[in-house]
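Protein chains in written order, with this note's numbering: chain A, 1 to 286; chain B, 1001 to 1261.
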């Protein structure tokens, strides 16, 4: 399990961090860059690829915003939008937590799936949500990802998936853990049908998601500096009783160790994905 | 009524038989085969070929060790990526030679350390999950003690998953859950109940098929029952076509948490 800090929404004025710069218009919904504290216009974020134009920081993106940004204009069609999480274990405080998260995010669960075109290439997509209980994998997250792979297999579509996750959803116990097996089965069948799957690992991608569908893609891309690992850094520091080296478990480290194919800045992702989709499509599936 | 916390303590108890005990009791002609052919040999995972009731099989166990020196050498049963890759290598050979696979699971979890991350712990577990889902020979996994999260599941994608009466299987250790959810590692007993991690819980969820009595600690007797059940079940599974086998395996896991709509 990794630190909640990684999933913290950027500070806003109410949290009293810093005064926004003078050019911020208080009446507009502003988005404060967590790095340089510049107030950014929310409506302009897609055009900047959700990168702070002032300091270059990669801003956290909700699943829905990401899907709309990724898909060519008017090509995204959502699937399984109505699946609702179930508190099967009656886990203490979980029902309330779900209700609160649903209200805050406006989303029923932590992944958005559907079909889209990326640079004119038809595909199925899934985008995980960093704001929904730390991108944790509950049963509905596993179910929606499984369904999109099954749908893609049936329709002979490649899959592009954006991951961000703190790992398993503790409150769903073994129902959460078993999603790793379930999604892996769906990825396997999609691959056995000769279809292409690209994953883009964003900050942070850890735990059960790394140990299942994030690492099972044909091509694994990563965002610059994204934290990617099975165990969270805090857990490792506790186990090893030593500080971790600088850059440990970052995307650049995984590239060096041979676990990701490419590190791709946000403004290049759509172009590279479109190219990969074109080059990994069999003649019969065109 | 045994509480979940008592079962967790029983599963971790010193002196409880570990994987090698079951391999010796259940099989004959066990020949250990070492190494992942990629990096090294992980003593936390024991793998090899043997006979069960006269039939060839591949056996893979997570071994915690018995005496202190051995426990340290085996990293207390917390495997590194090379351990999971050794298991995978043996599973692929089992498929090549049409041998069924028996996995014995007993781990607090996959190791969380610098070397484990450098060598791709997540990737190693992911590859096992995917490969096991498609493996064209019967797989039975038995949880004999602790089933710690992804490190246990990495040997747990099987046609039949069985548990001993006091074995536990959880997404996270109760101590971990307590410190994350309640910010208090001392609430482990509450977490044990909340996580629903006992064999009885898992059977009620349809995640495991059978529970074996521990016969009040007479593990020789446990092994007699378990051995007979394994021989019978492997024979039944071997009657299925490769297609039926992998389809049924996928369906079994596919159902879990899939009834929301």
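For glycine and all other residues, C-beta sits at the position ideal for the given N, C-alpha and C. These numbers come from a predicted model, not from an experiment.
Please list, in chain order, the chain A residues whose beta carbon lies closer than 9 Å to that of residue i.
{"i": "residue 1170 of chain B", "result": "173, 174, 177"}
{"i": "residue 1241 of chain B", "result": "Simply none; closest approach about 16 Å."}
For a contact meaning CB atoms closer than 7 Å, what does residue i contact in chain B?
{"i": "residue 185 of chain A", "result": "1133, 1250, 1253, 1254"}
{"i": "residue 259 of chain A", "result": "1120, 1123"}
{"i": "residue 182 of chain A", "result": "1253, 1254, 1256"}
{"i": "residue 210 of chain A", "result": "1122"}
{"i": "residue 239 of chain A", "result": "1112, 1113"}
{"i": "residue 188 of chain A", "result": "1130, 1133, 1134"}
{"i": "residue 170 of chain A", "result": "1171, 1172, 1177, 1180, 1181"}
{"i": "residue 126 of chain A", "result": "Simply none; closest approach about 16 Å."}
Check the Cβ of residue i against every Cβ in chain A and list those closer than 7 Å, keeping chain order.
{"i": "residue 1164 of chain B", "result": "Correct list: empty, because the minimum Cβ distance to chain A is about 17 Å."}
{"i": "residue 1195 of chain B", "result": "173"}
{"i": "residue 1202 of chain B", "result": "174"}
{"i": "residue 1207 of chain B", "result": "174, 178"}
{"i": "residue 1157 of chain B", "result": "181"}
Rank the options by C-alpha distance to the C-alpha of residue i and give the top, closest one.
{"i": "residue 1034 of chain B", "options": "B/1027, B/1058, B/1189, B/1178", "result": "B/1058"}
{"i": "residue 223 of chain A", "options": "A/249, A/145, A/174, A/86", "result": "A/249"}
{"i": "residue 1100 of chain B", "options": "B/1052, B/1146, B/1072, B/1079", "result": "B/1052"}
{"i": "residue 1141 of chain B", "options": "B/1226, B/1054, B/1015", "result": "B/1226"}
{"i": "residue 1245 of chain B", "options": "B/1139, B/1217, B/1166", "result": "B/1139"}
{"i": "residue 954 of chain B", "options": "B/1061, B/1255, B/1254, B/1221", "result": "Coverage of chain B is limited to positions 1001 through 1261, which leaves residue 954 of chain B absent and any answer about it impossible."}
{"i": "residue 191 of chain A", "options": "B/1156, B/1133, B/1158", "result": "B/1133"}
{"i": "residue 1078 of chain B", "options": "B/1223, B/1154, B/1254, B/1233", "result": "B/1154"}
{"i": "residue 183 of chain A", "options": "A/158, A/174, A/201, A/214", "result": "A/214"}
Could you tell me if residue i is buried or exposed, where buried requires 16 or more neighbouring beta carbons within 10 angstroms of its beta carbon?
{"i": "residue 81 of chain A", "result": "exposed"}
{"i": "residue 1003 of chain B", "result": "exposed"}
{"i": "residue 1241 of chain B", "result": "exposed"}
{"i": "residue 1236 of chain B", "result": "exposed"}
{"i": "residue 1092 of chain B", "result": "exposed"}
{"i": "residue 144 of chain A", "result": "buried"}
{"i": "residue 26 of chain A", "result": "With a pLDDT of 47 at residue 26 of chain A, under the threshold of 50, the modelled position of that residue is not reliable, and no figure is offered here."}
{"i": "residue 1105 of chain B", "result": "buried"}
{"i": "residue 1028 of chain B", "result": "exposed"}
{"i": "residue 123 of chain A", "result": "buried"}
{"i": "residue 193 of chain A", "result": "exposed"}
{"i": "residue 994 of chain B", "result": "Here chain B covers residues 1001 to 1261 and nothing more, so residue 994 of chain B does not appear."}
{"i": "residue 22 of chain A", "result": "Bear in mind that the predicted position of residue 22 of chain A carries a pLDDT of just 48, short of 50, making it too unreliable to give a figure here."}
{"i": "residue 77 of chain A", "result": "exposed"}
{"i": "residue 243 of chain A", "result": "exposed"}
{"i": "residue 55 of chain A", "result": "exposed"}
{"i": "residue 1075 of chain B", "result": "buried"}
Just confirm the distance between the C-beta atoms of residue i and residue j, as a whole number of angstroms; I'd bet it's less than 8 Å.
{"i": "residue 120 of chain A", "j": "residue 49 of chain A", "result": "That pair is no contact at about 19 Å."}
{"i": "residue 148 of chain A", "j": "residue 79 of chain A", "result": "6 Å"}
{"i": "residue 1095 of chain B", "j": "residue 1137 of chain B", "result": "5 Å"}
{"i": "residue 1080 of chain B", "j": "residue 1050 of chain B", "result": "The pair is not a contact, with the Cβ atoms about 24 Å apart (cut-off 8 Å)."}
{"i": "residue 252 of chain A", "j": "residue 263 of chain A", "result": "6 Å"}
{"i": "residue 1228 of chain B", "j": "residue 1144 of chain B", "result": "That pair is no contact at about 17 Å."}
{"i": "residue 226 of chain A", "j": "residue 197 of chain A", "result": "That pair is no contact at about 19 Å."}
{"i": "residue 1208 of chain B", "j": "residue 1165 of chain B", "result": "About 12 Å separates the two Cβ atoms, so there is no contact after all."}
{"i": "residue 1130 of chain B", "j": "residue 1168 of chain B", "result": "With 8 Å as the limit, residue 1130 of chain B and residue 1168 of chain B do not qualify as a contact, their Cβ atoms being about 26 Å apart."}
Output, in chain order, the set of chain B residues within a Cβ distance shorter than 9 Å of residue i.
{"i": "residue 235 of chain A", "result": "1112, 1176"}
Taking residue i as the query, report the chain B residues whose CB atoms sit under 8 Å from its CB, ordered along the chain.
{"i": "residue 249 of chain A", "result": "1117"}
{"i": "residue 201 of chain A", "result": "Those within 8 Å of residue 201 of chain A in chain B number zero; the least Cβ separation is about 10 Å."}
At a CB-CB cut-off below 8 Å, which residues of chain A make contact with residue i?
{"i": "residue 1149 of chain B", "result": "168, 177, 208"}
Contact criterion: CB-CB distance below 8 Å. Does residue i meet it with respect to chain C?
{"i": "residue 1153 of chain B", "result": "Note that chain C does not occur in the displayed structure, where the protein chains are A and B."}
With a floor of 3 residues, list each beta strand (DSSP E) that falls wholly inside the segment 37-73 of chain A, ordered by position along the chain.
With a minimum length of 3 residues, the unbroken runs of beta strand (DSSP E) contained wholly in the segment 37-73 of chain A fall at 39-41.
Please go through the segment 1034-1083 of chain B and give each complete beta strand (DSSP E) segment of 3 or more residues, from N-terminal end onward.
Segments of the beta strand (DSSP E) lying fully in the segment 1034-1083 of chain B: 1045-1052, 1055-1062.
Please give the ranges of any alpha helix (DSSP H) in the segment 94-179 of chain A, keeping only runs that are unbroken, at least 4 residues long and fully inside the region.
If we require 4 residues or more, the alpha helix (DSSP H) runs fully inside the segment 94-179 of chain A come out as 94-105, 139-155.
Please list the segments of the beta strand (DSSP E) lying wholly inside the segment 1123-1161 of chain B, counting only runs of 3 or more residues, in order along the chain.
Under the rule that a run must span 3 or more residues, the beta strand (DSSP E) segments found entirely inside the segment 1123-1161 of chain B read 1139-1148.
Can you check the segment 1228-1255 of chain B for any alpha helix (DSSP H) of at least 4 residues that lies completely inside it and give the ranges in chain order?
Fully enclosed alpha helix (DSSP H) runs of 4 or longer: 1242-1254.
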